[in-house]
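As structure tokens, the structure follows; a few thoughts come after it.
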Amino acid sequence: MIRTIAGATFREATRSRSFVLLLALYALAVLLSRVGGWISGTDGSTITANLVMSLQSVFGVLVAVATGTALVQSEIQQKTLYTVLSRPLPRWKFVVGKFLGLAAALVCGQAAMLALGIAYLWITGAPVTGWLAVAGALTAMEVLVMAAVSLCWTALSSPLLATVLCLATYALGHAVGSLPGLMYHLKGFQRPLCVAFASLVPDLSRFSYRDEAVHALPIALGEIVIRLAYGACWIALLVMITVIVVRRKQL
Amino acid sequence: MAEPELSFADVSFSYRGDWLNRIHALTTVSLLVPQASAFGFLGANGAGKSTSIKLLMGLLHGHRGDIRLFGQPLGDHRARARLGYLPEQPYFYDNLAVGEYLVYLAKLSGMSAADIPAACDRVYQLLDLGDLRTRKLKSFSKGMRQRFGLAQAIVHRPDLLVLDEPFSGLDPLWRARFKQVMALERARGATLFFSSHILSDVEDLCDHYAVIDHGRVLEQGRLADLMGSSPIELTGSGPKPAGAEDLPDGTWRVLFAESERAERLAHLPAGAQILRLDRQRIALEDWFVARVRAFHGAGAALPTGARTGGAS
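Which chain is which? The protein sequence lines are A and B, in order. For the first sequence, the positions run 708 to 958 when the numbering used here is used. For the second sequence, the positions run 1191 to 1502 when the numbering used here is used.
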């Protein structure tokens, strides 16, 4: 059942206009990234590599949010799930299948982006190392976390609000990484309050290994595993919350 | 008596409206849908038909009272493998083709992969979808979506077919075809339960009916009994019996109840000739409007001011 739902979701997601359009825009942005290298005046190829890797994150998250919010909310608003949930299918399987299908589509999208980005860097003579692939894998995990965030916000609110909340979560998620440095200056109850706030949002800076990868700075295998496991835990938590919300939802 | 296919016993349901208001959609609804029957669920817009159906399909929850499906309390989602459901104004994923979608929903209904191709071919034939199997549903008109909606509802040969306003958006040719398909499903042994406010459809297809209004079942029973309750119409010539009315062609007509039939015929005046003896046909449409108005005094009638075009 989960595989069936995931398969249909994958097909629906990869054929959606927003998915294809954002991939095309990514390709265009990668081609234009060389301009950033030219105007930087320094080591143009490194700047280009940095831009290409950052674009994978930005466009990956945009695809996750656009596809994620449209997929689930349209199910509820357009009532497409009436014909699905009226079948012998528990709602938790529906949510898990939906997420897995979306995740598979996003992983394919990320793989295509990474391949295109690395190919472009190689053609333009920018430094290409195996660490770029590691950075790409961590970015893919960041995108999957954002897909789970979008699924969760979508189940709780309208598509427009969910999109805004997802982008806010993305911004906060990258800001959370700088909180430990800020905590030195906090006193009394401010510090636990700050820790509590930080724990409510996934720390997306943990998946950012792009700068280091461009400069071929190595990362330990254990560190990669920890970061991926951190992402997996957040995904599991967010999907569980979505299941609870969808189970209680009146359709 | 066989176990009813579906039963509602004192079911009530309310949902949250604006702010703290609760809207009572159903108030003690009780229904019995016999096995292998064709059950018409009649009601005006907003009467509670779709809410009752959504409760049955597990799309709404939190009701009071007892809903039983195939004799078992509602709640076990596995029982839904024996249900087919066509929602009101069905929507489908835009980017899946007809063939892909039908296979997807058949799989979700628990059909084995080996049985699916033959099952799909059957519904393609029944609903003329064979040539459209590679077309994406976003290009479908309302009527075509309705055809696909019925196809997905019957593809797994359900025991109970629940159809919410199945004829909505169909042209006369497809209305007739839908009725044929529904009759075939019934001949296969399926129970039909469908909601409608178009009474001629109910008359054509159903043997049982229930009328719901403002979340309350006003009446239910066998359609034959309802039709059988209409008066007998006797047309004759010659000497008139008591209570007969003259017709323009010089004949007369008298109406009486079925229970008076023998006595009335035995006491006709000498020389009276019977020309025709028929049961007067009930206009189901008029009966329905009268029934609902009798309970609530609202609905179809225009306000006086609206009729005259002035202030009332």
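Beta carbons are placed, not taken as given, at the ideal position from N, Cα and C, and that holds for glycine.
Do you know how far the Cα of residue j is from the Cα of residue i?
i	j	result
V850/A	L1264/B	40 angstroms
H881/A	L911/A	5 angstroms
L1492/B	V1482/B	At L1492/B the pLDDT is 49, less than 50, meaning the model places this residue with poor confidence and gives no usable figure here.
T1217/B	G1233/B	14 angstroms
Y916/A	A847/A	12 angstroms
Q1370/B	I1388/B	17 angstroms
S1240/B	P1280/B	13 angstroms
R1367/B	S1202/B	36 angstroms
L867/A	L874/A	11 angstroms
L730/A	S1227/B	54 angstroms
T870/A	I754/A	30 angstroms
T1425/B	L1467/B	6 angstroms
N1292/B	L1317/B	Sequence inspection shows Leu at residue 1292/B; the Asn mentioned does not correspond to that position. Rounded to whole angstroms, L1292/B to L1317/B spans 13 angstroms at the Cα level.
K894/A	T876/A	26 angstroms
Could you tell me whether any Cβ in chain A is nearer than 7 angstroms to the Cβ of residue i?
i	result
Q1262/B	no
Y1314/B	no
Q1342/B	yes
G1255/B	no
R1347/B	no
A1501/B	Below a pLDDT of 50, predicted positions are generally treated as unreliable, and A1501/B, at 38, falls in that range; no measurement from the model is reported.
A1484/B	no
Y1275/B	yes
M1372/B	no
L1250/B	yes
K1297/B	yes
Using a Cβ cut-off of 7 angstroms (strictly closer), state whether residue i contacts chain B.
i	result
Y877/A	no
A773/A	no
T776/A	no
T787/A	yes
A849/A	Reading off the sequence shown, one finds Glu at residue 849/A, where the question assumed Ala. No, E849/A lies away from the interface with chain B (no Cβ there is under 7 angstroms from its Cβ).
A715/A	yes
S793/A	yes
How far does the alpha helix (DSSP H) with residue i in it reach, from first residue to last?
i	result
T1217/B	Note, T1217/B: premise wrong, no alpha helix (DSSP H); beta strand (DSSP E) at R1212 to V1223.
R1365/B	P1362 to R1378
D1305/B	No alpha helix (DSSP H) contains D1305/B, which DSSP labels as neither H nor E.
V1201/B	No alpha helix (DSSP H) contains V1201/B, which is instead part of the beta strand (DSSP E) from L1196 to R1206.
Y789/A	Y789 to L792
M947/A	L928 to R955
W829/A	R798 to I830
Which residues in the same chain have their Cβ closer than 6 angstroms to the Cβ of residue i, if we skip the five residues on either side of it in sequence?
i	result
A756/A	L828, A833 and V921
D1256/B	A1199
A773/A	S725
L879/A	V908
G1230/B	V1392, C1396 and Y1399
E1409/B	V1401
Among residues of its own chain, excluding the 5 on either side of residue i, which ones have a beta-carbon nearer than 7 angstroms to its beta-carbon?
i	result
G1428/B	G1461, A1462 and Q1463
T949/A	V802, L858, C859 and A862
Would you say residue i touches the ligand SAM, meaning its beta carbon is less than 6 angstroms from a heavy atom?
i	result
A1373/B	Annotation note on the ligand SAM: not contained in the displayed structure, which lists no ligands.
In terms of residue numbering, what span does the beta strand (DSSP E) encompassing residue i cover?
i	result
D1403/B	H1398 to D1403
G1237/B	Per the sequence shown, residue 1237/B should be read as Ala rather than Gly. That residue, A1237/B, is in no beta strand (DSSP E); it is neither H nor E in DSSP.
F896/A	That residue, F896/A, is in no beta strand (DSSP E); it is neither H nor E in DSSP.
W1442/B	W1442 to F1446
F1384/B	T1381 to S1386
Q1410/B	R1406 to R1412
Just grab the DSSP bridge partners of residue i for me.
i	result
Q1262/B	L1259/B
K1326/B	A1287/B
G1531/B	Absent from the structure is residue 1531/B, since the part of chain B shown begins at 1191 and ends at 1502.
Y1275/B	V1352/B
F1229/B	F1383/B and H1398/B
D1517/B	Nothing in the structure corresponds to residue 1517/B, since chain B is present only between 1191 and 1502.
Can you list, in chain order, the residues of its chain with a C-beta nearer than 8 angstroms to that of residue i? Leave out the 5 residues immediately preceding and following it.
i	result
A1309/B	A1296, M1301, V1345, H1346 and R1347
Does residue i come within less than 7 angstroms of chain D when only Cβ atoms are used?
i	result
A869/A	Chain labels in this structure do not include chain D; the protein chains are A and B.
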